[in-house]
Structure formats: C-alpha cells, structure tokens
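If you count the first sequence from 1, position 44 lands on 44 in my numbering, and the numbers rise without skipping. Quick notes on the structure that follows.
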Amino acid sequence: MEPGPQQAAEQLHTEIISWFTANSRDLPWRKPDCSPWGIFVSEIMLQQTPVVRVLPVWELWMQRWPTPAALAAESSGEAVRAWDRLGYPRRALRLHAAATAMTADFAGRVPETAAELLSLPGVGTYTAAAVASFAFGQRETVVDTNIRRVHARALTGKALPAPALTAAEMRLAVALLPRDDAASVAWNASVMELGALVCTARSPKCEVCPVRRHCAWVAAGKPAPDYVPKGQAWAGTDRQVRGAIMAVLRQARTPVQRHALIGPADLAAPPADPIPAPLAKLHALKVPAEQLARAVAGLLADKLAEEHDGGLQLPG
DNA sequence: AACACGTGGCC
DNA sequence: TGGCCAAGTGT
Numbered sequence: 001m002e003p004g005p006q007q008a009a010e011q012l013h014t015e016i017i018s019w020f021t022a023n024s025r026d027l028p029w030r031k032p033d034c035s036p037w038g039i040f041v042s043e044i045m046l047q048q049t050p051v052v053r054v055l056p057v058w059e060l061w062m063q064r065w066p067t068p069a070a071l072a073a074e075s076s077g078e079a080v081r082a083w084d085r086l087g088y089p090r091r092a093l094r095l096h097a098a099a100t101a102m103t104a105d106f107a108g109r110v111p112e113t114a115a116e117l118l119s120l121p122g123v124g125t126y127t128a129a130a131v132a133s134f135a136f137g138q139r140e141t142v143v144d145t146n147i148r149r150v151h152a153r154a155l156t157g158k159a160l161p162a163p164a165l166t167a168a169e170m171r172l173a174v175a176l177l178p179r180d181d182a183a184s185v186a187w188n189a190s191v192m193e194l195g196a197l198v199c200t201a202r203s204p205k206c207e208v209c210p211v212r213r214h215c216a217w218v219a220a221g222k223p224a225p226d227y228v229p230k231g232q233a234w235a236g237t238d239r240q241v242r243g244a245i246m247a248v249l250r251q252a253r254t255p256v257q258r259h260a261l262i263g264p265a266d267l268a269a270p271p272a273d274p275i276p277a278p279l280a281k282l283h284a285l286k287v288p289a290e291q292l293a294r295a296v297a298g299l300l301a302d303k304l305a306e307e308h309d310g311g312l313q314l315p316g
C-alpha cells in the first residue's frame with residue numbers, strides 16, 4: 001500500500017533526524033550550554049560564510065564579548081576590527097547595532113520571538129527563524145540555502161532551487177515542518193546539516209544519503225540544473241577595492257591618509273620603508289583614482305570608516 | 001526585483 | 001587556473 005503524504009513526511013522526519021543524530025558536526029554553538037547570544041552571533045557570522053572560517057572568530061568573540069552589553073560597550077570599529085577577514089564587514093556593524101538594541105530595548109537579552117528578532121539590524125527572515133528555533137526552541141520554519149537545495153532535490157526533483165526563494169518553496173517548507181516544537185527544531189537543524197554535508201551543491205554524496213531511496217531528483221536520473229547561476233563578479237569591482245581598503249584600516253592604529261591608499265606615485269622609486277602587507281596589496285591593484293574615491297565614499301556612507309584628521313580610520 | 005556586498009578554499 | 005560557492009540582508 002502506497003503511503004499517504006502524511007506518512008511520507010513522517011518517514012522523512014525520522015530518517016533525516018536519525019541521520020543527524022549519528023552524523024552531525026560537534027559545533028560549539030550547538031552545545032546545550034551555549035547562550036542565545038552565542039547562537040545569535042554564530043548566525044550572523046555564518047551568513048554567506050563557511051563554518052570553518054567562523055569557528056575561530058566566534059570563539060574570540062565569545063571570550064571578549066560574552067553578552068550583548070559587553071559588545072555594545074565598545075565602539076563599532078572594534079567590532080569591525082575583530083570581525084577580521086570573515087567578509088561582508090557591514091555584518092559586524094549590524095551585529096554591534098543589534099547588541100546595542102538588545103541592551104537598550106530588550107533588557108540586555110536576545111529577544112525570543114521571530115517578530116522581535118526581525119526588528120534587529122542584520123536579521124532577516126532566515127536569521128529570525130533560526131534564532132527563535134535554535135536558541136529558544138520555538139516552532140519556526142527555517143529556510144536557508146542548504147534546506148532549499150534538499151527540498152529541491154528530494155521533493156521537487158530539481159538539481160538546484162530557484163535563484164530566489166519562491167512562495168511555493170515556502171509553502172512546501174511550512175508543510176514539512178513537524179507539528180511538535182522539539183521535533184521542529186531537530187528537523188530544521190537536521191535538514192540544514194544534510195544539505196551542508198551530504199546534499200551539497202557540487203558533487204553531492206548520494207551514496208551515503210539517508211533518503212536516496214525516495215529522492216525525486218535521483219529517481220528522475222539527476223537532471224542538470226535548468227538555469228545557469230550567474231557568477232559573482234570580483235576582479236576590478238568596487239567590492240574588491242572596498243575589501244582591500246578595509247584590510248588596511250583593520251591593521252592601522254592611526255588614521256590613514258588618502259594619498260597613502262593610492263600608492264607611490266613613482267613606481268620606479270618605491271619607498272625604502274617596508275609598508276604593511278594590506279597596503280601593498282591595495283597598491284598592487286592599481287586602482288584608478290576615481291574608483292578609489294568612489295570606494296572610500298561608499299565606506300564612509302556605510303559607516304564602515306570615518307574621517308579623522310583628514311585621514312581614514314575604523315569608526316571609533 | 002535585481003544588485004551590491006568580502007573572503008578564501010576547492011576541483 | 002579561475003569560476004563556483006558558502007547558515008543572507010538591505011535597498
């Protein structure tokens with residue numbers, strides 16, 4: 001007898017959660033004694049950033065800023081500097097702003113509902129649901145890129161999810177969420193982990209997948225993606241220049257003059273003094289003056305840098 | 001709705 | 001070697 005949709009969903013829940021129990025990574029923000037703040041910080045750091053790169057920075061942050069109030073007590077520039085090379089440094093700014101809001105409006109605690117979390121800077125649909133679920137055990141539908149990929153393959157039979165989250169995907173995710181609170185949290189974590197470790201974007205490990213027996217994509221013969229993901233431009237972009245400038249500002253302890261960012265005017269006679277590696281890297285890009293000015297203006301507008309004594313520095 | 005936004009490891 | 005990709009958000 002063919003199982004109904006309800007039985008099929010329950011079987012998926014059982015198989016994937018069991019797989020998680022035996023195969024999940026031992027991440028510090030998953031330990032029972034990790035604070036909601038620790039989980040919150042991890043979620044912001046993990047946005048578009050691999051776990052292995054987040055791990056050491058998260059440990060330093062937890063040691064230095066164990067509470068929202070501790071972070072809020074320092075300047076946003078310190079947060080940006082301690083963000084180091086995680087990328088998208090605006091996240092550090094928003095995390096600092098979120099800590100400030102928690103201190104001012106939430107008694108120094110991480111808010112518990114998705115709606116309140118959503119009001120914080122840097123927190124969108126995914127992060128609000130993830131924190132409510134993982135930190136507070138609430139039944140929220142978590143949808144990230146891993147979960148979308150698992151759903152696309154196992155349920156919809158496609159190689160990749162659509163470029164942007166669709167209403168249909170959201171409906172599917174909502175329908176799949178176990179009714180029980182604790183089971184819903186386990187499900188969220190388990191599907192995400194399956195997508196991260198097994199049902200990966202490139203060369204998925206279908207041989208060890210707990211649900212390969214009823215994967216719609218496998219059943220369809222693993223059809224290729226029906227669209228070509230557009231690449232992320234990098235070389236020569238403002239992003240690259242901003243990144244190089246931020247690397248300079250992170251290591252600088254005094255304001256950096258704009259002319260220093262341009263590099264030695266006479267390349268045939270480089271300065272005798274050794275210059276810091278980040279500055280040398282920026283000079284090597286040979287950024288047109290106009291683009292450098294635009295990048296600096298962007299950083300100032302985003303509050304990632306500020307003017308001081310005619311030079312540039314992290315906000316302090 | 002499409003685009004901008006960092007960084008570095010991998011195949 | 002270089003394009004692809006990673007627990008997204010804000011505009």
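Cβ coordinates follow ideal geometry from the N, Cα and C atoms, glycine included.
When you compare the CB positions of Val-143 and Leu-314, do they come within less than 8 Å of one another, or not? Between Val-143 and Leu-314, the gap from beta carbon to beta carbon reaches 8 Å or more.
Take Thr-254 as the anchor and find which of Glu-307, Pro-229, Pro-223 and Val-218 has the nearest alpha-carbon. Thr-254 has its Cα closest to that of Glu-307, out of Glu-307, Pro-229, Pro-223 and Val-218.
If contacts are defined as beta-carbon pairs under 8 Å, then Ala-247 and Pro-278 qualify, I think. What distance do you get, rounded to the angstrom? About 4 Å separates the CB atoms of Ala-247 and Pro-278; that is less than 8 Å, so the two are in contact.
Can you give me the start and stop residues for the alpha helix (DSSP H) that His-96 sits inside? Counting along the chain, the alpha helix (DSSP H) containing His-96 begins and ends at 90-105.
Are the beta-carbon atoms of Ser-119 and Asn-188 separated by less than 8 Å? Taking 8 Å as the cut-off, the Cβ atoms of Ser-119 and Asn-188 do not count as close.
What ranges does the alpha helix (DSSP H) occupy inside the region 46-83, keeping only unbroken runs of at least 4 residues that lie completely in it? Complete alpha helix (DSSP H) runs here, min 4: 51-64, 68-72 and 76-83.
With a threshold of 16 other CB atoms inside 10 Å of the CB of Gly-236, please say whether the residue is buried or exposed. With fewer than 16 other CB atoms across the displayed protein chains lying within 10 angstroms of its CB, Gly-236 is exposed.
Segments assigned alpha helix (DSSP H), at least 4 residues, entirely inside the region 104-187: Within the region 104-187, the complete alpha helix (DSSP H) segments of 4 residues or longer fall at 114-118, 125-136, 145-150 and 167-176, listed in chain order.
List the endpoints of the continuous beta strand (DSSP E) containing Glu-306. Its beta strand (DSSP E) spans residues 306-308.
Within 10 angstroms of the Cβ of Val-208, are there 16 or more other Cβ atoms? Answer buried if so, exposed if not. By the Cβ neighbour-count rule, Val-208 is exposed, with fewer than 16 other Cβ atoms within 10 Å of its own.
In terms of residue numbering, what span does the beta strand (DSSP E) encompassing Gln-313 cover? From DSSP, the beta strand (DSSP E) with Gln-313 extends over 311-313.
Which same chain residues, not among the five before or five after Ser-190, have their C-beta less than 6 Å away from its C-beta? Excluding positions up to five away in sequence, the list reads Ile-16, Ile-17 and Phe-20.
Assuming Gln-7 is part of the alpha helix (DSSP H), what are its boundary residues? Unbroken alpha helix (DSSP H) run through Gln-7: 5-23.
For Gln-257, which residues does DSSP report across the bridge? DSSP, once it has assigned bridges, lists Gly-311 as partnering Gln-257.
Identify the continuous alpha helix (DSSP H) that holds His-283 and give its terminal residues. 277-284 is the span of the alpha helix (DSSP H), which, as asked, contains His-283.
With DSSP run on the structure shown, which of helix, strand or coil describes Gln-232? In the three-state scheme derived from DSSP, where H, G and I count as helix and E and B as strand, Gln-232 is classed as coil.
Gly-77 burial status per 10 Å Cβ neighbour count (16 or more: buried): Per the 10 Å Cβ criterion, buried.
Is Gln-257 near Gly-311, with beta carbons less than 8 Å apart? Taking 8 Å as the Cβ cut-off, Gln-257 and Gly-311 qualify as a contacting pair.
Select from Val-174, Leu-46 and His-259 the residue whose C-alpha is nearest the C-alpha of Glu-290. Closest by alpha carbon: His-259.
Using CA coordinates, which residue listed in Leu-55, Leu-95, Pro-5 and Gly-137 is at the minimum distance from Val-123? The shortest Cα separation from Val-123 among Leu-55, Leu-95, Pro-5 and Gly-137 belongs to Leu-95.
On a CA-only basis, which of Ala-159, Leu-197 and Ile-147 is nearest Val-174? Give me that one, please. Here the closest residue by C-alpha is Ile-147.
Starting from Glu-207, trace the alpha helix (DSSP H) in both directions and tell me its first and last residue. Segment: none, Glu-207 is in no alpha helix (DSSP H) and carries neither H nor E.
I need the boundaries of the alpha helix (DSSP H) containing Ala-219, first residue and last residue. Per DSSP, Ala-219 belongs to the alpha helix (DSSP H) from 216-219.
For my contact list, Val-211 and Ala-154 are in at a C-beta cut-off of 8 Å; report their separation, rounded to the angstrom. In this structure Val-211 touches Ala-154 by the C-beta definition: roughly 6 Å separates them, less than 8 Å.
Apart from the five residues just before and just after Arg-139, which ones in its own chain have a Cβ nearer than 6 Å to its Cβ? So the list reads Asp-181 and Ser-184, once near-sequence residues are dropped.
On the three-state DSSP scale, how would you describe Leu-86? In the structure shown, Leu-86 sits in coil (DSSP, three-state: anything other than H, G, I, E or B).
Helix, strand or coil at Gly-243 according to DSSP, with G and I counted as helix: Here Gly-243 carries a helix assignment [DSSP, helix/strand/coil].
Leaving out five residues before and five after Ala-186 in sequence, what residues of the same chain have Cβ atoms less than 6 Å from its Cβ? Exclusion of the five residues before and after Ala-186 leaves Ile-17 as the residues of its chain whose Cβ lies within less than 6 Å of its Cβ.
Could you name the residues of the same chain whose beta carbon sits closer than 8 Å to that of Ala-219, not counting the 5 residues immediately before and after it, in chain order? By the criterion of a C-beta distance shorter than 8 Å, Ala-219 is surrounded in its chain by Gly-157, once the five residues flanking it on both sides are discounted.
Coarse secondary structure for Gly-316, derived from DSSP in three states: In the structure shown, the three-state DSSP call for Gly-316 is coil.
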